[in-house]
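Below is one structure, written out as structure tokens; the observations come after it.
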Amino acid sequence: MTVLSVAGVTLIGSPPAVADQRDAAKAARRAAERAEAVLENATATARIAARRLEAATAAIPATQKKIAVARGAVAAARAEANSAQRKADRTRISYVHVAHRFEAAQKRVDVARDRVGEIASASYMGANFAALNVLVAATGPQDALARLDLIGQVMQKGQDGLDRMAQARREVRIAQDKVGLAKRAAEKAERRAADKLLKAKIARAAAVRAQMQAVKLAKIRRSALALAESQRSAVLARYRQAKGNEQRIRAALAGGDGVSGTLRGAGLLMPVHGWKTSNFGNRYDPYYRVWQLHAGTDFAAPGGAPIRAAADGKVVQAGWNGGYGNYTCISHGTYHGQSFSTCYGHQSKISVYVGQRVRRGQVIGRVGSTGASTGYHLHFETRFSGVPRNPLNYLPSCLC
């Protein structure tokens, strides 16, 4: 149950964002739980608006991070794709140049082969007989030597042709190997460029999806704000009603209802077996600009679980009490000179009546979700002269 004071009614559009951006789903759940606690007195529609607004707001930082990461990935992938394409272009040009050199080397082989063929044909057709005729026609020894030298030069030209053909063939083989390497390198570079381009397209698609998600979240926030605004009058009326109810409770418990005795040590019994879900203290509703005091500590427990008196005392209130639902208060006498009471809200069933004396640990009711409640739990209060104090100061530290 919450107690509050109205500080204004202007709706604002930026509730505190959850810091944890690494787990948007977890952050959204925490935000929704916080919204539920803050808006305990609000209408069901206002709570829906708060949940949507908190969840969308909590998810925005993670979505913005996704957009930034995706945009960075797009830029990096595009740069890699461009670099890979430039390399592919250079490699393809290199391949073309090597192919041209291969063609030139092949032509040289063809020329050398033609020349060698001519020499071989001449030899086959009687070139040796022609050389013999040259020698026979010599006019003397000196002329014969000169003619032999001429024949040697002719034969050397034939050998040179064979050597050039062999060299040309070697160049062809080398050029052919280079062509193969250049072709494979060009194909590899082109495949890499295609892969990088695909990566850039995928990154761009991710960026578009993230941007669309951000737009969707913004629409959800605007819709939730409009829904919350539509509930402003009803919510603030409930808040004022809860504040008036709290003032009446304080007045009723201020005198202790004549219960005698002094509570020693204020070592209270845990009133229910459950787990703490909401602390005592002031809260600020960012949707309606309302400060409120959560006047007790909430303990979640299964519906129908027994609620026990935290100490001996006398029942001074038992019945329906607005946002508290089924509500019981027990006066325990005085503590440090002030009347001391414990109160139990949102019960599904009250098992005691006003004026009844109860013992510590006695079942006084059952856990429920009546009144301004969002789920099964016990709202437990400790009050001094009617003024609420933090129950955790008087319960076992283990909450057991």
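Residue numbers are given in full-length UniProt numbering: position 302 of the sequence shown equals residue 302, and the series is strictly consecutive.
Glycine included, each C-beta is placed from N, C-alpha and C at the ideal position.
Residue range of the unbroken alpha helix (DSSP H) whose run includes residue i
{"i": "residue 425", "result": "The shown model of the chain, from 1 to 400, leaves out residue 425, and the question about it has no answer."}
{"i": "A300", "result": "Premise fails: A300 lies in the beta strand (DSSP E), 297–300, not in any alpha helix (DSSP H)."}
Bridge partners - residue i, DSSP secondary structure assignment
{"i": "V358", "result": "G313"}
{"i": "E388", "result": "For the sequence presented, residue 388 should be read as Pro rather than Glu. Beta-bridge pairing links P388 to R383."}
{"i": "G307", "result": "Residue identity check: residue 307 is Ile in the sequence provided, not Gly. I307 pairs with G365."}
{"i": "A318", "result": "T328"}
{"i": "K183", "result": "K183 pairs with nothing; no bridge assigned."}
Residue span of the beta strand (DSSP E) that contains residue i, given as start and end
{"i": "Y344", "result": "338–350"}
{"i": "L378", "result": "377–384"}
{"i": "residue 421", "result": "Nothing about residue 421 can be read from this structure; the chain reaches only from 1 to 400."}
{"i": "C329", "result": "326–335"}
{"i": "S278", "result": "275–278"}
Assumed close pair residue i, residue j - CB separation to whole angstroms, cut-off 8 Å
{"i": "A252", "j": "Q317", "result": "7 Å"}
{"i": "A228", "j": "A75", "result": "The Cβ separation is near 39 Å, so there is no contact."}
{"i": "I67", "j": "A214", "result": "6 Å"}
{"i": "A70", "j": "A210", "result": "5 Å"}
Distance CB(residue i)-CB(residue j) smaller than 9 Å
{"i": "A46", "j": "A234", "result": "yes"}
{"i": "A311", "j": "T342", "result": "yes"}
{"i": "K199", "j": "E80", "result": "yes"}
{"i": "F340", "j": "P271", "result": "no"}
{"i": "residue 405", "j": "A194", "result": "The shown model of the chain, from 1 to 400, leaves out residue 405, and the question about it has no answer."}
{"i": "V315", "j": "Q356", "result": "yes"}
{"i": "G313", "j": "V367", "result": "no"}
{"i": "L197", "j": "A84", "result": "yes"}
{"i": "Y344", "j": "T328", "result": "yes"}
{"i": "N390", "j": "N279", "result": "yes"}
{"i": "L269", "j": "N282", "result": "no"}
{"i": "G323", "j": "R238", "result": "yes"}
{"i": "R192", "j": "K87", "result": "yes"}
{"i": "T277", "j": "G325", "result": "no"}
{"i": "V290", "j": "L225", "result": "no"}
{"i": "H377", "j": "G274", "result": "yes"}
{"i": "G267", "j": "P396", "result": "yes"}
Proximity test, residue i beta-carbon vs the ligand ADP heavy atom, cut-off 8 Å
{"i": "S397", "result": "This structure lacks the ligand ADP; in fact it carries no ligand of any kind."}
Any chain D beta carbon closer than 9 Å to residue i
{"i": "C329", "result": "Of the protein chains in the structure, only one exists, and it is not chain D."}
I'd like to know if the region 376–385 and the region 233–248 are in contact, where contact means that at least 3 CB-CB pairs between them fall below 8 Å. no
Evaluate contact between the region 294–302 and the region 352–365, counting only Cβ atoms and requiring at least three cross-stretch pairs below 8 Å. no
With contact counted as at least three CB pairs below 8 Å, one residue from each stretch, are the region 362–369 and the region 301–317 in contact? yes
Does the region 87–94 come close enough to the region 183–194 to have 3 or more Cβ pairs within less than 8 Å? yes
Is it true that the region 45–64 meets the region 209–226, where meeting means three or more beta-carbon pairs spaced less than 8 Å apart? yes
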